[in-house]
Amino acid sequence: MAIKQPNSIIGNSQLLATLGMKGEIFNIYYPRRDHAQHVADALLAINTYGNYHWLNTIDWQSKQYHPCGNGILKTDLSHFSGIAVSITDTIPPRYPVFMRCFEIDNNEIEGSFYTYFDFEVGGMREKNAGFYDEENDILVQYWQNNYVGVVTTPPFDEWQLGKTLDTAWWTSAKWGIERGELQKNKEEIGNMNMAARFPLETKEIIEYIIFAETREELYNLKTKITSISPGQLITETCDAWNKWIARGKNINMPDAFTEYYHQSLHVLRLLFDERLGSMIAAPEFDHQYEKCGGYGFCWNRDTVEAVYALQTAGYPEYLPRFIGWCKKTQLRDGSWFQRYWLDGTLAPSWGNFDYSTQIDETASTIYAMASGNTLPCDAREDYIDEYWETIKRGAEYLMRRTGEGLHSPCLDLWETYYGCFTYTNAHKRSHLCSARGSIDTRRRPVKKHLSSI
């Protein structure tokens, strides 16, 4: 899969989507932020007088912005022919549904407007299956317990379930778009793609991309989501995000900085999995690890920084959720792994041995868990009772990795160098000092340990 660096992200607690600057969908993650990634390509195209135009090419000028502050993404596209397409992207707060509103100005030019999808349902490129249900006007693709449905208002008048095979290029829905004719077949299996056509004269199209775990759930969601007006879904999304932003601390700064600040909070919230209590560093954009080691994972160090930032900004609920996750993911030796999948399983890593681990990951985690020292007395006692053994085992691990006041050799925070590092030593000492309050609460001596560092 090609490396695609997103321009924008939108989502809710169930879906996370990344988009390019011309409205192309790069990734959609469901049901977690790290898995599964269901999209290889999701593009728009126009065919006029036998000539096709993909809307993500250099021929289209674009402007992208958030019209109501957060949660809604607007992309305005214009072509030198005079054709213009405006896209309003919304992921409503209550549903695993991506809603796209297309407003088309065809400049009195006849032709076709297409939506194209190359899904990898369940993160699988092969062994997918798809069908067009004409009675319910829905395109469906599925793999095991992963279903994606595409529904539009008004209904499309042509469709194709194709194959993305170099050896059978004429079966591809992409080829059908480029030649201006879709095959209207009902079923397909394997490595698939799909497309839907509308007359270019259509002024407004609403498209719903629906995610579910069963076929019955998919159809129920289709019925529910299409019974709500698009305007109401957009309003609900804006209101939900603005209400969340208003809950945070009000900081006096110029309007432009306030906008950047709110967008940063918006991104941090989207990266956090509220159900699991963990957080990705970024939506994955290099799935083959071609240029980097990947970013769609949870690093304890990074998450500590993020949840403390959210707490400072007036959102205290994220830190305790993450601390609960840390208790579940601690390794037997008291340390924490370099990085994790959001469900707590070990992620692909260059830190599988003692010498290749990153000691600052464990130090950061202890620092976060020592936050209970700031609680009122009774709450602090309960907190320490809950997390004492976890903090103690982590501190003992750090002391075992300490000799003559400095940590034993390990990898630096960028997995680049092997040795002993000022940053890691400072991190370790600072976080052991933070843990001292927890130990003092349990009347455990810690001075003899700190004096050796």
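Residue 95 in the working numbering sits at position 91 of the sequence shown, with consecutive numbering throughout. All residues carry an ideal CB built from backbone N, CA and C; glycine is no exception.
Exercise. In terms of residue numbering, what span does the beta strand (DSSP E) encompassing threonine 79 cover?
Worked result: 76–83
For this session: May I have the straight-line CA-CA distance separating cysteine 72 from glutamate 211, to the nearest angstrom?
Result: 20 Å
Exercise. Would the segment 152–171 and the segment 83–91 be scored as touching if the rule is three or more Cβ pairs under 8 Å?
Worked result: no
Exercise. Ends of the alpha helix (DSSP H) at glutamate 408?
Worked result: Element bounds for glutamate 408: n/a, residue is neither H nor E.
Problem set entry | Alpha-carbon spacing of valine 152 relative to glycine 75, whole angstroms | 22 Å
Exercise. What are the residues that DSSP puts in a beta bridge with leucine 350?
Worked result: Tyr344
Exercise. In terms of alpha-carbon separation, which member of Pro97, Ala430, Pro380 lies closest to lysine 247?
Worked result: Pro97
For this session: Going by CA-CA distance only, name the one from Ile142, Glu185, Leu335 that's closest to asparagine 55.
Result: Glu185
Problem set entry | Pairwise C-alpha distance: lysine 432 and lysine 452 | Unreliable positioning characterises lysine 452 in this predicted model, as indicated by a pLDDT of 42, which lies under 50. A coordinate reading is not provided.
Problem set entry | Cβ shell of serine 434 (< 8 Å), same chain only, five flanking positions each side left out | Ala367, Tyr371
Exercise. Starting from lysine 67 and walking both ways along the beta strand (DSSP E), at which residues does that stretch end?
Worked result: 64–69
Exercise. Three-state secondary structure (DSSP) at glutamine 145?
Worked result: strand
Exercise. Pick from Asp389, Thr156, Ile284: whose alpha carbon is nearest that of tyrosine 33?
Worked result: Ile284
Problem set entry | Residue from Arg404, Ile14, Lys131 whose Cα sits closest to the Cα of glutamine 267 | Ile14
Exercise. From methionine 128 to serine 12, what distance separates their C-alpha atoms?
Worked result: 24 Å
For this session: Inspect the CB distances between the segment 287–306 and the segment 336–348 and report whether three or more fall short of 8 Å.
Result: yes
For this session: Would you mind giving the Cβ-Cβ distance between isoleucine 209 and lysine 226, rounded to the nearest angstrom? I have them listed as a contact below 8 Å.
Result: The pair is not a contact, with the Cβ atoms about 16 Å apart (cut-off 8 Å).
Problem set entry | Complete runs of the beta strand (DSSP E) confined to the segment 162–227 [at least 3 residues] | 162–167, 191–194, 196–203, 208–216
For this session: Give the secondary structure of serine 360 by DSSP, where H, G and I count as helix, E and B as strand, and everything else as coil.
Result: helix
For this session: Determine the burial state of glycine 281: buried for a count of at least 16 other Cβ atoms within 10 Å of its Cβ, exposed for fewer.
Result: buried
Exercise. How many whole angstroms separate the CB atoms of glutamate 400 and glycine 355, which I take to be in contact at a CB cut-off of 8 Å?
Worked result: Actually they do not touch by this definition, with Cβ atoms about 20 Å apart.
Exercise. Can you give the Cα-Cα distance for aspartate 358 and lysine 331, rounded to whole angstroms?
Worked result: 21 Å
Problem set entry | Of the residues Thr316, Asn256, Glu288, the one placed nearest leucine 458, counting alpha carbons only | For residue 458 there is no data in the structure shown, the boundaries of the chain being 5 and 457.
For this session: Kindly indicate which residue of Gly24, Asn16, Leu19 has the alpha-carbon position closest to the one of isoleucine 7.
Result: Gly24
Exercise. Any heavy atom of the ligand COA closer than 7 Å to the Cβ of histidine 39?
Worked result: Among the components of this structure there are no ligands whatsoever, and the ligand COA is therefore not found.
For this session: Only counting runs of 4 or more residues, tell me where the alpha helix (DSSP H) segments fall wholly within the segment 246–282, in order along the chain.
Result: 259–275
For this session: Rank Asp170, Lys178, Thr94 by C-alpha distance to the C-alpha of leucine 47 and give the top, closest one.
Result: Lys178
Exercise. Distance, Cα to Cα, glutamine 236 vs aspartate 63?
Worked result: 34 Å
For this session: Ignore the nearest five residues each way along the sequence and tell me which others in tyrosine 413's own chain have a CB closer than 8 Å to its CB.
Result: Per the sequence shown, residue 413 should be read as proline rather than tyrosine. Closer than 8 Å at the Cβ level, and outside the excluded window around proline 413, lie Tyr359, Tyr422, Gly423, Cys424.
Exercise. How big is the Cα-Cα spacing for glutamate 294 and isoleucine 232?
Worked result: 43 Å
For this session: Output the boundary residues of the beta strand (DSSP E) element that contains valine 101.
Result: 101–109
Exercise. Which of the three DSSP states, helix, strand or coil, is assigned to leucine 323?
Worked result: helix
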